[in-house]
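Novice: One structure, as structure tokens, below. Some questions next.
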Amino acid sequence: MKIQDKKSVVVALLLCFITVVTVVFCYTYFQTISSHVYKDSSQHLIELYSQVTRNFTIFMEKDMESLNDYTVYWDGIDDEESFVKYINEQRKQKGFSKFYFLSRDGRGITSDGTAEQFSHREYEASLFEQQKSVVCNDTLSDNQTVALFAMPVETGSYMGFVYDAVAISYTNADIISALNMDNFSGRSVCLVVQTDGDVILSTHSDGAVFKNYLSYLSVGSDIGEEDLKQMSEDWENGISGILRCHIGQEDYYISYNPVPNADFVLLGIVPDAVVSAGMSQVQSITIDMLVKIFILIGSIVIILLIYTFSKKAKKNTMELYYREFIFDAVSQNVDDIFLMVDGKTRKVDYISPNIERLLGISKDDAKENFNNLIKECSVGEDYFVDDDTLNSIPINDKHMFDRELKHKKTNEVHWFHETVYHENIHGEKKFIVVMSDRTDDRKNKQTLEEALVLAKNANEAKSNFLSNMSHDIRTPMNAIVGYATLLEKDTGNAEKVHEYTRKILASGHHMISLINDVLDMSKIESGKTSLNIDMFSLPQFLEELYSVMMPQAKAKQQSFEFHTQGNLTEMLDGDKLRLNQILMNLLSNAIKYTQVGGTIDLTVRELPKTTPQYIGIQFIVTDNGIGISEEFIDKIFDTFTREENSTTSGIQGTGLGMAITKNLVDLMGGTIHVSSCQGKGSTFTVNLTFAVPSQKDPKELRTNFGISKILVADDELDICKNIHSVMSEVDIDVTYVTDGQAAVDAVVQAQENGDGFQVILLDWKMPEKDGVETARLIREKIHQDVPILILTSYDWSDIENKARAAGIDGFMTKPFFVSSFQHTLERMRADKEQGDTSAAADTGKNELENMMFLVAEDNGLNAEILSELLSLENASCEIAVNGQEALEMFVGSEPDKYDMILMDVQMPIMDGYEATRQIRACEHPRAKSIPIVAMTANAFAEDKQNAIDAGMNGHLSKPIDMGKTKEMIRLLKSNGEEAL
Ligand code: ADP
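Quick note on the working numbering: the sequence shown kicks off at 2 and runs consecutively.
Here is the structure:
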């Protein structure tokens, strides 16, 4: 039982006890009071009626005396008139009604002579026979009951009436008031009876009611025979007494007192109610008082109890409130929802307010409609605790399950672990549910699991990579070692020496690219890569990219074309080196994974502009090579991954190129997408955003070169239209034709009109007459020195000599850009001014011939190889073993001594960057102009940028490739210092 209940029982018992004690006390009190009251009342009645008896005796004696006096008076005067007067005076004084003379025959007359007939004449025997004074009741002729006091006298006559007795009468009212018998406001009856019970006088309104009172009582009351007899004896013996009896409907007190000197008894009959009226009053006052006291005490007790209980209840309520408040506050900071559900009604008794935060359901709504709201939050056909499940949980046991619930407001899916406890709390069955949001734990677990998988994958990938690498490194190494061995054997056979050397070089180059990729990737992965944003010309960039990639495609007899769509913004702000790296990776893969004679295309187009400052450019590299399987496409950008067939087909690679490309594209904020079909080819789409540099004044082709009208001949009409459109923007009129003959005709026609073209642009590959043939015909027809340029997306090196012999002045790579057109014209003009055409540069002249290099190289072996290689090219060099020495040698040199400085970067004492900075800052006359080219094993884009920042003009990666060195020198010679 609860402590609370025990207390209630104690209080109830206490209240019962108080009530019982009060009732017993009241009963005893009333018993005592009523016995006292009975005694007092009896005493009081006896006294009262003794007094009345005394009064009656005196009254009777006096009346008898008066009667005697009146008789004597009449006897003395014999004058009726005086007697009447006398009697009237006496009547007034004594209060009686009438005076009678009575005759033996029952008649009577009053003092004034009025005859009266008495009905009963009870008095006759005593009065006339026994000559005794009599007191009795009688009824007059007018039916009025009167009390008669009669006395026998000597026979006489009054107004002729013969009398033997005299009497006076009193009306009942008169006698009652005269004797003061009317006690208790007329509710009592006073009787004068003879000792045998015959009633002589009665104050009862109907005097004849009781003829014999003893007989009346024996019949009409509950007085026993004994008592009645006792009373009768008391009357005979002149003993007074009192008794209580039940007459008719009521209880009465009967007090009896013998009248002295007469055989009369005076009875006072008083109803118990009248006697007890005082008692009842006392009783009611007492009850009233007690009730009031009881009510007062009860009220005080109740108030005290209520106060105590309410105080306690308030304390309990406050405690509950505080507990709930603390619990609510605590639950706000935890991810567990608590609720208590009633076992019978299934109503929610309590729910923690954090349900709002964790599931987006308000506390009140949840209390009202928990089940339905939770159902709405359930994800799919999720687990739900039904009644059967709840009922099956034994008391003091629990049931656990997991489920996913959706946040009602955010729609986020949360993962819950739930426990339902079945409890018996003070006899009531309750379910306590704890819903723990374990989303974070689960995510962490998932992340850890994913990280584990990733780590395993990475580990696996690295193991694969190592096995690939061991294969990839071993292959060229085997070649190098193998061919070097053969070389040693066949030193006498020049042809074989040449072949082996070429193969050794090729294997060496492959190893270099392998190492570069690995280093590049590790650098990207360590997050050390950053962008160098600078302005660059997109056409020039594409031209350079084309010239670099073209030889690889050509080696596989592949069609290799660059296309543009729409007008392209020429000058862009971006990282040209990274862009180059991205496209070179894509193009070299395309070439690598496309069969001999396949097709590789690069399409460049501008994406719709979203802001004036930025522009999106799309590069699409398409090939019709071996393609990529669907499964592999998802993994293509993972590091160290290569498709099975690439490995087995013997195509060399590291599986890093695509990962590097993807990382670079990400770094530049772009996207890369691959679509491919195995056996049909692949398409890589790269979208990049570049800033548009503030517009420089467009160089006026017209003013600078005096060009206003050109002829374009290309069998592709779109190209013609594109050139027409872009040239019209720089105010140059373009006439275009789609075949060679039409071009010849147009030129001739224009000349005849005296309005010849200032430049003629011919597509190389046209049906019927190609560009070279057309140029030859034009040169035959006109003798003007009009520049003729070949526009081609093919490598023109093979036909260059033939073309120049046919009258071609220069070559331009497709796609056509105004800037590259202008660039070509500028170069042609420069060549012309120097009397040295670009053709001359390619007639086999050795760029390195007779050049004198200052080489800063700390590694003796490298220095020796370089020195040997240079001497092979008829160039010479002086070696400095560190930057400091190089600086000193240059500062101390004659102005024309060195043509160029080849600067290693990592050297002791002073590195290459510092040496370059100091050379540029020194007083030597060629300090600013002497070309300095970095030679470094670091082939990263940053290294190239660092070299430029330090003041160098170019960058060659080790080991030095003489072909690249020559190319670099040629570029430096033609472009001044912008070789990088
Ligand atoms: P790899 O050094 O092997 O070329 P990459 O990271 O550049 O490494 O390419 C990863 C793999 O993606 C290649 O091994 C090849 O299987 C596949 N791949 C890339 N480009 C192409 C392409 N153009 N056509 C077919 N397969 C390609």
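Beta carbons: idealized from backbone N, C-alpha and C, even for Gly. Since this is a predicted model, take the numbers as computed values, not measurements.
Between which two residues does the alpha helix (DSSP H) holding I633 run?
Specialist: Locating residue 633 in the sequence shown gives position 632, where the first residue counts as 1. The sequence shown places Phe at residue 633, not Ile. Run containing F633: 631 to 634, per the alpha helix (DSSP H) assignment.
Novice: Specify the secondary structure class of K490 as computed by DSSP and reduced to three states.
Specialist: For this step, residue 490 is matched to residue 489 along the sequence shown. Of the three classes helix, strand and coil, the one that applies to K490 here is helix, per DSSP.
Novice: Checking the sheet assignment: what are the DSSP bridge partners for I789?
Specialist: Walking along the sequence shown from the start, residue 789 turns up at place 788. DSSP output for I789 lists I761 as bridge partner(s).
Novice: Does the separation of the CB atoms of T390 and H400 fall below 8 Å?
Specialist: Walking along the sequence shown from the start, residue 390 turns up at place 389. Walking along the sequence shown from the start, residue 400 turns up at place 399. Note that the C-beta distance between T390 and H400 is below 8 Å.
Novice: Using only the alpha-carbon positions, how far apart do I931 and M911 sit?
Specialist: Taking the sequence shown and counting its residues from 1, one reaches residue 931 at position 930. Taking the sequence shown and counting its residues from 1, one reaches residue 911 at position 910. About 19 Å.
Novice: If Q614 and V498 are in contact, beta carbons under 8 Å, what's the gap, nearest whole angstrom?
Specialist: Against the sequence shown, residue 614 aligns to sequence position 613. Against the sequence shown, residue 498 aligns to sequence position 497. Between V498 and Q614 the Cβ distance is about 59 Å, and since that is not below 8 Å, they are no contact.
Novice: Determine the DSSP secondary structure at T448, reduced to helix, strand or coil.
Specialist: Against the sequence shown, residue 448 aligns to sequence position 447. DSSP places T448 in helix when its eight states are reduced to three.
Novice: Throw me the rounded Cβ distance for the I809 and A776 pair, which I believe falls under 8 Å.
Specialist: Within the sequence shown, numbered from 1, the residue matching residue 809 stands at position 808. Within the sequence shown, numbered from 1, the residue matching residue 776 stands at position 775. Indeed they touch by this definition, with Cβ atoms about 5 Å apart.
Novice: Straight-line CA distance for L957 to V727?
Specialist: For the purposes of this step, residue 957 is taken as residue 956 along the sequence shown, with counting starting at 1. For the purposes of this step, residue 727 is taken as residue 726 along the sequence shown, with counting starting at 1. One C-alpha to the other measures close to 37 Å.
Novice: From E234 to V266, what does the alpha carbon distance come to, in whole angstroms?
Specialist: Within the sequence shown, residue 234 is the residue found at index 233, counting from 1. Within the sequence shown, residue 266 is the residue found at index 265, counting from 1. Distance between the alpha carbons of E234 and V266: 12 Å.
Novice: L550: beta carbon under 7 Å from a heavy atom of ligand 1?
Specialist: To locate residue 550, count along the sequence shown from 1; it is residue 549. A quick correction: the sequence has Met, not Leu, at residue 550. Checking every heavy atom of ligand 1 against the Cβ of M550, none is found closer than 7 Å.
Novice: Below 8 Å on the Cβ atoms is my contact criterion, and I expect N954 with L973 to pass it. Report the Cβ-Cβ distance as a whole number of Å.
Specialist: By one-based count along the sequence shown, residue 954 stands at place 953. By one-based count along the sequence shown, residue 973 stands at place 972. Indeed, because the Cβ distance is near 6 Å, the residues count as touching under 8 Å.
Novice: Please confirm whether any heavy atom of ligand 1 lies closer than 7 Å to the CB of A591.
Specialist: Residue mapping note: residue 591 aligns to position 590 of the sequence shown, counting from 1. Checking the Cβ of A591 against ligand 1 gives yes.
Novice: Just the C-alpha distance for K967 and S868, rounded to the nearest angstrom, thanks.
Specialist: Locating residue 967 in the sequence shown gives position 966, counting from the first residue. Locating residue 868 in the sequence shown gives position 867, counting from the first residue. Using only the alpha carbons, I get a separation of about 15 Å.
Novice: Which partner residues of K710 appear in the DSSP bridge assignment?
Specialist: As a first step, residue 710 is located in the sequence shown; it is residue number 709 there, counting from the start. Beta-bridge pairing links K710 to D734.
Novice: Exposed or buried, which one is D398 when buried takes at least 16 other CB atoms within 10 Å?
Specialist: As a first step, residue 398 must be located in the sequence shown, where it is residue number 397. Result: exposed.
Novice: Can you give the Cα-Cα distance for L16 and S311, rounded to whole angstroms?
Specialist: Numbered from its first residue, the sequence shown carries residue 16 at position 15. Numbered from its first residue, the sequence shown carries residue 311 at position 310. The straight-line gap from Cα to Cα measures roughly 18 Å.
Novice: How should V136 be labelled, buried or exposed, when 16 other C-beta atoms within 10 angstroms of its C-beta is the threshold for buried?
Specialist: By one-based count along the sequence shown, residue 136 stands at place 135. Buried, by the Cβ-count rule.
Novice: Tell me which residues share the same chain as S630 and place their Cβ nearer than 7 Å to its Cβ, disregarding the 5 neighbours each side in the sequence.
Specialist: To locate residue 630, count along the sequence shown from 1; it is residue 629. If we look at S630 and ignore the five residues flanking it on each side, its Cβ neighbours are E644, Q679.
Novice: My assumption, with CB atoms under 8 Å, is that W75 sits in contact with Y159. Please give the rounded CB distance.
Specialist: Taking the sequence shown and counting its residues from 1, one reaches residue 75 at position 74. Taking the sequence shown and counting its residues from 1, one reaches residue 159 at position 158. About 7 Å separates the two Cβ atoms, so the contact holds.
Novice: Taking the continuous alpha helix (DSSP H) assigned at W236, which residues delimit it?
Specialist: In the sequence shown, counting from the first residue as 1, residue 236 sits at position 235. Taken as a continuous stretch (DSSP letters only), the alpha helix (DSSP H) holding W236 covers 226 to 237.
Novice: Ordered along the chain, which non-local residues of its own chain (more than five positions away) have a Cβ less than 6 Å from that of R780?
Specialist: Here residue 780 refers to the residue found at position 779 of the sequence shown. Here the set comprises G808.
Novice: For the candidate residues N262, S277, L578, L569, whose alpha-carbon lies nearest to that of Y253?
Specialist: The residue you call residue 253 lines up with position 252 of the sequence shown. Closest option to Y253, Cα to Cα, is S277.
Novice: Verify whether the separation of the beta carbon atoms of K133 and S142 is less than 8 Å.
Specialist: Taking the first residue of the sequence shown as 1, we reach residue 133 at position 132. Taking the first residue of the sequence shown as 1, we reach residue 142 at position 141. In this structure, S142 does not lie closer than 8 Å to K133 by Cβ.
Novice: With F57 and V193 assumed to form a contact (beta carbons below 8 Å), what rounded beta-carbon distance in angstroms separates them?
Specialist: Taking the sequence shown and counting its residues from 1, the one referred to as residue 57 is at position 56. Taking the sequence shown and counting its residues from 1, the one referred to as residue 193 is at position 192. Right, their Cβ atoms sit about 7 Å apart.
Novice: For K959, count the other beta carbons within 10 Å of its own beta carbon; 16 or more makes it buried, fewer makes it exposed. Which is it?
Specialist: On the sequence shown, residue 959 is found 958 positions in, with the first residue counted as 1. Result: buried.
Novice: Can you tell me where the beta strand (DSSP E) holding K399 begins and where it ends?
Specialist: What you label residue 399 is simply residue 398 of the sequence shown in a count that begins at 1. First-last of the beta strand (DSSP E) with K399: 399 to 407.
Novice: By a C-beta neighbour count over all protein chains shown, 10 Å radius and 16 as the cutoff for buried, is Y484 buried or exposed?
Specialist: The sequence position of residue 484 within the sequence shown is 483, counting from 1. Y484 comes out buried.
Novice: Evaluate D203 with the Cβ neighbour count: other Cβ atoms within 10 Å of its Cβ, from every protein chain shown; 16 or more gives buried, anything less gives exposed.
Specialist: Counting from 1 along the sequence shown, the entry for residue 203 is found at position 202. Per the sequence presented here, residue 203 reads as Ser, with Asp not at that position. S203 comes out buried.
Novice: Can you say whether G811 is buried or exposed, counting buried as having 16 or more other CB atoms within 10 angstroms of its CB?
Specialist: In the sequence shown, counting from the first residue as 1, residue 811 sits at position 810. G811 is buried by the Cβ-count criterion.
Novice: Nearest CA to the CA of T739: which residue from I616, L712, A507, F685?
Specialist: Translated into the one-based positions of the sequence shown, residue 739 becomes position 738. Of I616, L712, A507, F685, the residue nearest in Cα terms is L712.
Novice: From K368 to I304, what does the alpha carbon distance come to, in whole angstroms?
Specialist: In the sequence shown, the residue the question calls residue 368 occupies position 367. In the sequence shown, the residue the question calls residue 304 occupies position 303. Across the structure, K368 and I304 are spaced so that their CA atoms are roughly 36 Å apart.
Novice: If we call anything under 8 Å between Cβ atoms a contact, is L871 one with L855?
Specialist: Position 870 of the sequence shown holds residue 871. Position 854 of the sequence shown holds residue 855. Cβ atoms of L871 and L855: not closer than 8 Å.
Novice: Would DSSP call N334 helix, strand or coil?
Specialist: Taking the sequence shown and counting its residues from 1, one reaches residue 334 at position 333. If DSSP states are grouped into helix, strand and coil, N334 belongs with coil.
Novice: Determine the extent of the beta strand (DSSP E) in which N392 is found, giving its start and end residues.
Specialist: Along the sequence shown, read from residue 1 onward, the residue named residue 392 stands at position 391. From DSSP, N392 is part of no beta strand (DSSP E) but of the alpha helix (DSSP H) over 388 to 392.
Novice: Once the 5 residues before and after M963 are set aside, which same chain residues still bring their CB inside 7 Å of it?
Specialist: Reading the sequence shown from its first residue, position 962 is the one you call residue 963. Contacts found: L870, E874.
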